[in-house]
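**Q** In the working numbering, the protein residues as written are 288 to 427. We treat Cβ as the ideally placed atom computed from N, Cα and C, and that holds for glycine.
1) Determine the contact status of residue 322 and residue 344, defining contact as a CB-CB distance below 9 Å.
2) Following the continuous alpha helix (DSSP H) through residue 413, name the residue where it begins and the one where it ends.
3) When the Cα atoms are used, what is the spatial distance from residue 285 to residue 358?
4) Going by C-alpha distance, which of 379, 411 and 324 is nearest residue 417?
5) Under a three-way DSSP split, which group does residue 309 fall into?
6) Could you tell me whether the Cβ atoms of residue 391 and residue 382 are closer together than 9 Å?
7) Can the beta-carbon of residue 326 be found closer than 9 Å to that of residue 353?
8) Which runs of the alpha helix (DSSP H), 4 residues or longer, sit entirely within the stretch 355-411?
9) What's the C-alpha gap between residue 360 and residue 330?
10) Can you tell which of 351, 340 and 316 has the C-alpha that lies nearest to the C-alpha of residue 308?
11) When the Cα of residue 305 is compared with those of 314, 355, 317 and 320, which residue comes out closest?
12) In three-state terms, what does DSSP make of residue 352?
13) Can you tell which of 395, 377 and 371 has the C-alpha that lies nearest to the C-alpha of residue 410?
14) Can you name, in chain order, every residue of its own chain whose Cβ lies under 7 Å from the Cβ of residue 319, other than the five neighbours on each side?
15) Name the residue from 414, 301 and 302 whose alpha carbon lies nearest to the alpha carbon of residue 370.
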């Protein structure tokens, strides 16, 4: 419900360039809802993975498509990733859903960063953001 209220409001696409959504609404075709003002970014395994997609990124269509691209994280329906590129350098945005029963998404993220560290952060103008629903609670 909150996702639909957000998308039906005029404010987001006028003021925001990126919206990160965890546990998005998905219809019977396994697609989320978004207005024409947004480009929906699903995890790269969205169509090939039988797991329910729990992470999406909305990119404002007014943002130049040459200024961003999606990064591929295979076999994980719980993480969507984009990289912004500009005069400021690079910003990687990881939108992560971490199940409370396991650390699968964090394990994949760690492996991805280790394998690609030389390409991800090359200089002091390159940045990384981890955002999401981590669902980990203190045992008390």
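**A** According to the structure data:
1) no
2) Residue 413 -> not in any alpha helix (DSSP H); beta strand (DSSP E) instead, spanning 413-420.
3) The chain is shown only over 288 to 427; residue 285 falls outside these bounds and no answer can be derived.
4) 379
5) Shown here, residue 309 sits in a strand according to DSSP, grouped into three states.
6) Cβ atoms of residue 391 and residue 382: not closer than 9 Å.
7) no
8) If we require 4 residues or more, the alpha helix (DSSP H) runs fully inside the stretch 355-411 come out as 391-407.
9) 7 Å
10) Nearest C-alpha to residue 308: 340.
11) 355
12) helix
13) 377
14) 311, 312, 313, 327 and 343
15) Sorting 414, 301 and 302 by C-alpha distance to the C-alpha of residue 370 places 414 at the top.
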